[in-house]
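What follows is one structure encoded as structure tokens, with my remarks underneath.
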Amino acid sequence: MKIVINDNMEYGDDMEYKGYKISQEENSIIVENIKDFNAVHTFECGQCFRWIRQEDGSYTGVAKGKVINVSIDDGVLVLKNTNLEDFKNIWFDYFDLGRDYGQVKEAVMKDDIMQKAIDFGWGIRLLKQDIWETLISFIISANNRIPRIMKTVEIIARLYGDELMMDGNKYYSFPDVNKLAQSNVEELEVCKGGFRCKYILNSSQMVSVGQVDLKQLSQMDTDSAREELMKFPGVGPKVADCVLLYSGTKYDVFPTDVWVRRVMGELYFKREAGFGEIQKFAREYFGDLAGFAQQYLFYYARENKIGT
1 MKIVINDNME
11 YGDDMEYKGY
21 KISQEENSII
31 VENIKDFNAV
41 HTFECGQCFR
51 WIRQEDGSYT
61 GVAKGKVINV
71 SIDDGVLVLK
81 NTNLEDFKNI
91 WFDYFDLGRD
101 YGQVKEAVMK
111 DDIMQKAIDF
121 GWGIRLLKQD
131 IWETLISFII
141 SANNRIPRIM
151 KTVEIIARLY
161 GDELMMDGNK
171 YYSFPDVNKL
181 AQSNVEELEV
191 CKGGFRCKYI
201 LNSSQMVSVG
211 QVDLKQLSQM
221 DTDSAREELM
231 KFPGVGPKVA
241 DCVLLYSGTK
251 YDVFPTDVWV
261 RRVMGELYFK
271 REAGFGEIQK
281 FAREYFGDLA
291 GFAQQYLFYY
301 ARENKIGT
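So, in structure tokens, the structure goes:
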């Protein structure tokens with residue numbers, strides 16, 4: 001017996017969706033014709049903290065209140081523990097599948113440095129993450145290492161999030177604003193966030209009472225959106241730009257911290273460069289795609305120990 005799932009599609013059937021060939025097998029979606037998508041590059045480039053590499057090379061992660069497993073090989077993307085409806089409503093945008101990354105690369109490949117960076121991290125895709133989760137995650141990231149950030153975010157989810165199941169294993173969604181706003185610093189200290197715990201609590205309360213409306217940021221110009229985010233404790237220009245970029249809110253930002261300053265000084269300026277100088281350069285040189293350029297450069301420099 002054939003089982004219709006929707007759009008007149010049946011298990012085992014193929015359909016075309018926005019340039020991709022899609023099929024569903026049980027609880028998995030298979031997407032063909034995928035280009036410019038490498039799981040390691042995407043999940044380990046520093047933009048996200050809830051994707052864990054599995055023994056088979058796939059990644060299991062929690063996003064948008066769902067848990068899925070992702071693998072990609074030879075242009076075929078497999079999403080397990082999901083369905084066609086969620087693919088259309090969540091994962092198509094989350095993985096930025098509507099964007100031609102070939103055009104992005106061509107636009108930012110302005111010199112030999114960018115050529116090397118793009119060749120190295122050719123499969124990076126900028127995820128469109130939940131802006132609330134991204135805000136808290138990057139508040140935690142300040143002066144912190146990725147394994148510890150991941151651990152803190154995971155503990156917060158386990159303590160305050162909703163339980164999710166996949167293959168008999170428990171996972172936890174990132175908690176909503178009110179759950180964290182009703183907490184206290186003592187409870188949050190269990191998450192090993194250190195001095196950032198008070199920032200997490202205060203930021204949650206600011207969002208909860210409407211002091212800052214995260215949904216309005218996409219309607220603002222980039223400078224105004226950055227200033228709005230910097231109202232949160234523990235959020236400076238770099239964290240604000242990370243939140244804007246990794247939530248898919250703004251792509252003309254160029255997150256810059258001390259290490260990125262060293263990288264840019266070594267690769268482009270051949271001297272020590274200031275924050276404002278780098279921002280001006282990125283804005284004029286890469287334009288509206290500065291965020292993509294930063295991510296290729298960041299990943300290339302980190303993996304090759306440039307600027308250390």
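According to the UniProt record's numbering, the residues represented by the sequence shown are 1 to 308, in order.
Glycine is no exception: its CB is placed at the ideal position from the N, C-alpha and C atoms.
Source: prediction; values computed, not measured.
Close beta carbons around residue i, own chain, < 6 Å, minus the five adjacent residues each side
i: Gly291; result: Leu245, Tyr251 and Val253
i: Ser71; result: Ser58 and Val78
i: Ile52; result: Thr60
i: Tyr296; result: Ala117, Ile118 and Gly121
i: Phe286; result: Val108 and Ala293
i: Val185; result: Cys197, Lys198 and Leu201
i: Ala181; result: Ser204, Gln205 and Ser208
i: Leu267; result: Ile113
i: Pro175; result: Tyr160 and Gly161
Residues of its chain near residue i, where Cβ-Cβ distance is below 7 Å and the 5 sequence neighbours each way are ignored
i: Leu289; result: Val104, Ala107, Val108 and Tyr251
i: Tyr199; result: Ile139, Pro233 and Gly234
i: Ser28; result: Val78, Leu79 and Lys80
i: Lys215; result: none
i: Arg261; result: Ala273, Phe275 and Ile278
i: Ala301; result: Val263 and Gly307
i: Ala243; result: For the sequence presented, residue 243 should be read as Val rather than Ala. Contacts found: Ile131, Thr134, Leu135, Phe138 and Leu229.
i: Trp259; result: Gly307
i: Ala240; result: Arg226, Leu229 and Met230
i: Ser218; result: Thr249
Cβ neighbour criterion (16 or more within 10 Å) applied to residue i
i: Pro147; result: exposed
i: Asp112; result: exposed
i: Gly248; result: buried
i: Val67; result: buried
i: Thr256; result: buried
i: Thr134; result: buried
i: Met264; result: buried
i: Gly98; result: exposed
i: Arg114; result: The sequence as given places Met at residue 114; Arg does not occur at that position. Label assigned to Met114: buried.
i: Ala173; result: The sequence shown places Ser at residue 173, not Ala. Buried.
i: Thr82; result: buried
i: Lys270; result: exposed
i: Asp36; result: buried
i: Val209; result: exposed
i: Asn169; result: exposed
i: Lys18; result: exposed
i: residue 309; result: The chain is shown only over 1 to 308; residue 309 falls outside these bounds and no answer can be derived.
i: Asn178; result: exposed
i: Lys162; result: It should be noted that the sequence gives Asp, not Lys, for residue 162. By the 10 Å Cβ count, Asp162 comes out exposed.
i: Lys280; result: exposed
i: Lys238; result: buried
i: Gln24; result: buried
i: Asn69; result: buried
i: Phe87; result: buried
i: Gln129; result: buried
i: Gln54; result: exposed
Beta-bridge partners of residue i, as assigned by DSSP
i: Glu163; result: Tyr172
i: Glu16; result: Lys21
Neighbourhood of residue i by C-beta, 8 Å cutoff - its chain only, sequence neighbours within 5 removed
i: Val212; result: Met206, Glu228, Leu229, Lys231 and Phe232
i: Ser183; result: Tyr160, Leu201 and Ser204
i: Ile149; result: Phe49, Ser137, Ile140 and Ser141
i: Tyr20; result: Val31, Glu32, Asn33, Ile34 and Leu97
i: Met165; result: Val67 and Tyr171
i: Thr222; result: Leu244, Lys250, Asp252 and Val253
i: Arg283; result: Asp252, Phe254 and Ala290
i: Gly102; result: Lys35 and Asp36
Cβ-heavy atom distance, residue i to the ligand MN, below 7 Å
i: Ser247; result: The ligand MN is not part of this structure, which contains no ligands at all.
| said: For a minimum of 4 consecutive residues, which ranges assigned as the alpha helix (DSSP H) are wholly contained in the stretch 23 to 55? | reply: Listed in chain order, the complete alpha helix (DSSP H) runs (minimum 4 residues) inside the stretch 23 to 55 are 39 to 43.
| If we count Cβ pairs, one from each stretch, closer than 8 Å, do we get three or more for the stretch 154 to 166 versus the stretch 185 to 192? | Three or more Cβ pairs drawn from the stretch 154 to 166 and the stretch 185 to 192 lie within less than 8 Å of each other, which places the two stretches in contact.
| Validate contact between the stretch 13 to 32 and the stretch 67 to 87 using beta carbons, cut 8 Å, 3 pairs | With the cut-off at 8 Å, the stretch 13 to 32 and the stretch 67 to 87 touch.
| said: I want to know whether the stretch 35 to 44 touches the stretch 115 to 133 - three or more CB-CB distances under 8 Å. | reply: Verdict: yes, contact present.
| field | Ordered list of alpha helix (DSSP H) runs contained in the stretch 178 to 231, each at least 4 residues | value | Taking only runs of at least 4 residues, the alpha helix (DSSP H) segments lying wholly in the stretch 178 to 231 are 185 to 188, 196 to 208 and 222 to 229.
| field | Stretch pair the stretch 259 to 277 + the stretch 77 to 93: three plus CB contacts closer than 8 Å | value | Contact between the stretch 259 to 277 and the stretch 77 to 93 is absent, because fewer than three Cβ pairs lie under 8 Å.
| Which ranges would you report for the beta strand (DSSP E) in the stretch 50 to 101 if only whole runs of at least 3 residues count? | For secondary structure counted as the beta strand (DSSP E) over 3 or more consecutive residues, the stretch 50 to 101 holds these complete runs in sequence order: 51 to 53, 59 to 63, 66 to 73 and 76 to 80.
| query | What are the uninterrupted segments assigned as alpha helix (DSSP H) that are 4 or more residues long and contained completely in the stretch 232 to 282, given in chain order? | reply | Within the stretch 232 to 282, the complete alpha helix (DSSP H) runs of at least 4 residues are 237 to 246 and 258 to 264.
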